[in-house]
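Residue numbers (my numbering), protein chains in the order written: chain A, 1 to 152; chain B, 1001 to 1152; chain C, 2001 to 2152.
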Amino acid sequence: MNIQAQLDKLGIELPPAPPLGGVYKPVVIIDRMLYVSGQGPLRNDGTLITGKLGVDLTTPEGYQAARQVGLTMLATIRSQIGDLGKVKRLIKTLGMVNSAPDFYEHPKVINGYSDLFSELLGEENGIGARSAVGMILPGNIAVEIEAIFELH
Amino acid sequence: MNIQAQLDKLGIELPPAPPLGGVYKPVVIIDRMLYVSGQGPLRNDGTLITGKLGVDLTTPEGYQAARQVGLTMLATIRSQIGDLGKVKRLIKTLGMVNSAPDFYEHPKVINGYSDLFSELLGEENGIGARSAVGMILPGNIAVEIEAIFELH
Amino acid sequence: MNIQAQLDKLGIELPPAPPLGGVYKPVVIIDRMLYVSGQGPLRNDGTLITGKLGVDLTTPEGYQAARQVGLTMLATIRSQIGDLGKVKRLIKTLGMVNSAPDFYEHPKVINGYSDLFSELLGEENGIGARSAVGMILPGNIAVEIEAIFELH
């Protein structure tokens, strides 16, 4: 499966590639490994989804935010490597949820990201190793995700 | 040293391999690198060790929980790759401790995991690079650990 | 650019390599990848910079702490591989900030580390992929950073 072809087929539009939020590269490639910097949930209008899970946002809202992080990540990758067809497989995801101290449904939130990549790359290549945990996130964004992909 | 042989020699029984807790693969292999998803502390009876360090659990209890995460991880790896003898070396561990805001002994907790792998693979191959830090963990589990191993 | 030559040119002195704080190796090498364990901000007198951002420390103080983590990491690497000239490129950084629940400027803090490596290795090789997020850190240290480098 080819991510760009799937996006076209499903009529999914990507948000803009986010501006740099500090001193880092959006992606780094070594051999055929693509390391992607932590991405936030950018809406298509360029604003970020903010708030803490368990206080400001429900788990279903967090799921949607995590899906939006996936779309933002794709916009970042496309802006950096040009063609999303080069992405072969999701290796590993660190899913970071902006959590109240008593919020415990991080996996259900990060599933929003994981389901997206399963739809776009298939179960074999689109589902990778993962941790889904709670932190305090920059700019009070709802979800931040970093990942490693294998390129063709 | 061979992990399975060491487990047999020391009479250590593994817990059951944990059920999937979301949309991820328990492990992903690329070349000879084994990426393991975040694992929790599953007891041999299939229940999870829960609670926050510094509130519900003491540091020695956290140490035991981290050791149990190591055993759970081995159960996961064995269920996925079949033979623990294929595991050559621990490369890197991210040790995540469910922490009260004023709990600061994360390394002493994660040592429970690290000591286990040192016993099973020896100091040269069983001790890897590591971070041990505090977060908010899914299901209020005491410890979650993700790791990268080298395979033979 | 060569890190050791740049350190000499800029007159930057490294702190001592930190003592082990648990059961881990300071660095692990596989192929030409160097995995560095989480490092804290060791001052040149051997004491650690402690405190939570948003409560005990300001963002500029956090920036300086993150820069000091970078120097500590270089001391660690030099003590383990001998020659900093072997370090070719920064691949990936996980920047962990000891945060109050309402502190949101993690990227500005971790920039202290990232600016240092940009100065020492240049923008092309010294700036990598990155996440900058908030956690609860061991010993109440202000910042902890783990990283992956490519070696020559």
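A virtual CB, placed ideally from N, CA and C, is assigned to each residue, including glycine.
Asked: Rank N111/A, P26/A, T72/A by C-alpha distance to the C-alpha of P60/A and give the top, closest one.; Found: N111/A
Asked: By Cβ distance, which residues of its chain are closer than 6 Å to V1143/B, with the 5 residues on each side in sequence left out?; Found: P1041, A1065, A1066, V1069, V1097
Asked: Could you spell out where the beta strand (DSSP E) holding E2150/C opens and where it closes?; Found: 2143-2151
Asked: What does the Cβ neighbour count give for N1044/B, buried or exposed, with the cut at 16 atoms within 10 Å?; Found: exposed
Asked: Could you give the distance in angstroms between the alpha-carbon of L120/A and the alpha-carbon of G1139/B?; Found: 29 Å
Asked: Using CA coordinates, which residue listed in L151/A, I77/A, K108/A, E146/A is at the minimum distance from T58/A?; Found: K108/A
Asked: Skipping 5 residues on each side, what residues in its chain have a beta carbon closer than 7 Å to that of A2075/C?; Found: L2014, P2015, P2016, A2017
Asked: Going by beta carbon distance, what residues of the same chain come within less than 6 Å of A2100/C, once the five residues before and after it are set aside?; Found: K2052, G2054, V2055
Asked: So what's Y113/A in DSSP terms, helix, strand or just coil?; Found: helix
Asked: Report yes if the C-beta distance between G2038/C and T2093/C is below 7 Å; otherwise report no.; Found: no
Asked: Taking a contact to mean a Cβ-Cβ separation below 7 Å, would you say V1036/B touches V1027/B in this structure?; Found: yes
Asked: Indicate whether at least one CB of chain B lies closer than 7 Å to the CB of E2146/C.; Found: yes
Asked: Given that a residue counts as buried once 16 or more other Cβ atoms are within 10 Å of its Cβ, and exposed if not, what is T72/A?; Found: buried
Asked: Express the C-alpha separation of G126/A and I148/A in angstroms, rounding to a whole number.; Found: 12 Å
Asked: Nearest-angstrom Cα distance between G85/A and D115/A?; Found: 19 Å
Asked: Could you have a look at A1132/B and say whether DSSP puts it in helix, strand or coil?; Found: strand
Asked: Which residues does DSSP pair with N1098/B in a beta bridge?; Found: M1135/B
Asked: Between which residues of its own chain and L137/A is the CB-CB distance below 7 Å, once the five residues before and five after are set aside?; Found: M96, N98, E144
Asked: Residues of chain C with CB under 8 Å from F1103/B, in chain order?; Found: I2136
Asked: Within the same chain, show all residues whose beta-carbon is closer than 8 Å to that of M2001/C, passing over the 5 residues directly before and after it, in chain order.; Found: L2120, L2121, G2122, N2125, G2126
Asked: Would you say Y63/A reaches chain C, if we count a Cβ-Cβ gap shorter than 7 Å as a contact?; Found: no
Asked: Is there at least one Cβ from chain B nearer than 7 Å to D56/A's Cβ?; Found: no
Asked: Going by other Cβ atoms of all chains shown within 10 Å of its Cβ, with 16 needed for buried, is A2132/C buried or exposed?; Found: buried
Asked: So, does the CB of G40/A fall closer than 7 Å to a CB anywhere in chain C?; Found: no
Asked: Within 7 Å of any Cβ in chain A, is that where the Cβ of N2140/C sits?; Found: no
Asked: State yes or no: is the beta carbon of I30/A nearer than 7 Å to at least one beta carbon in chain C?; Found: yes
Asked: Run the CB neighbour count on K1025/B, radius 10 Å, all protein chains shown included, and call it buried at 16 or more, exposed below.; Found: buried
Asked: Between the Cα of M135/A and the Cα atoms of Y104/A, G11/A, I12/A, which residue gives the shortest distance?; Found: Y104/A
Asked: Applying the criterion that 16 or more other CB atoms from any shown protein chain within 10 Å of the CB defines a buried residue, is L20/A buried or exposed?; Found: exposed
Asked: Do V2087/C and I2003/C have their C-beta atoms within less than 7 Å of each other?; Found: yes
Asked: Cα separation between D1008/B and Y1113/B?; Found: 18 Å
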